[in-house]
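In this note's numbering, the protein residues as written are 1 to 102. Glycine included, C-beta positions come from ideal geometry on N, C-alpha and C. Here the structure is a predicted model, which is why all the values come from computation and not from measurement.
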Amino acid sequence: MSEDRLPEFLRPLFWDVNFDRLRIPGHERYIIERILELGDVAEVRWMFQNFSREQIVQALRRVRGLSRKSAIFWASILGLPRKEVRCLSKRSRQPFGPIWPW
């Protein structure tokens, strides 16, 4: 196993993509986002060992796919003001309009 591949215990977090093609260089934000939303203690520990705090904070600032609950939790843990978290912005919280207007 090459160093840039993800460990096998992370596979359940990435059920919807080709796990074997994920690499740490190039997919950092995606990997961090999944772990922030779905990770358990072991997965979060791995994230903090393999990514810098700044990488994690930058990912949290930019992600749109976190639940409100997860975003608020991680903003508190990382000391990031809520207004700096994109998925907590007022515009991101707007419900989608109907797909079919009739």
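Boundaries (first-last residue) of the alpha helix (DSSP H) holding residue i
i, result
"Ser76", "Arg68 to Leu78"
"Leu88", "Premise fails: Leu88 is in no alpha helix (DSSP H) and is neither H nor E."
"Val41", "Val41 to Asn50"
"Glu37", "Glu28 to Leu38"
"Leu60", "Arg53 to Arg62"
Cut-off 7 Å between Cβ atoms - residues of its own chain near residue i, not counting five sequence neighbours on either side
i, result
"Trp74", "Leu36 and Leu60"
"Arg5", "Arg23"
"Val44", "Ile35"
"Glu33", "Ala59, Val63, Gly65 and Leu66"
Other residues of its chain near residue i: CB distance less than 8 Å, five sequence neighbours each side excluded
i, result
"Arg86", "Arg61, Arg62, Val63, Arg64 and Ser92"
"Pro81", "Ala75"
Closest residue to residue i among the options (Cα-Cα distance)
i, options, result
"Phe14", "Ile31, Ala42 and Gly26", "Ile31"
"Glu54", "Glu28, Arg82, Ser67 and Glu8", "Glu28"
"Pro12", "Gly26, Gly39 and Met47", "Gly39"
Residue i versus residue j: straight-line alpha-carbon distance, rounded
i, j, result
"Val41", "Ile56", "16 Å"
"Asn50", "Leu66", "20 Å"
"Ser89", "Lys83", "7 Å"
"Ile77", "Ser70", "10 Å"
"Pro7", "Val17", "15 Å"
"Phe48", "Phe9", "15 Å"
Per DSSP, cross-strand counterpart(s) of residue i
i, result
"Arg5", "Arg23"
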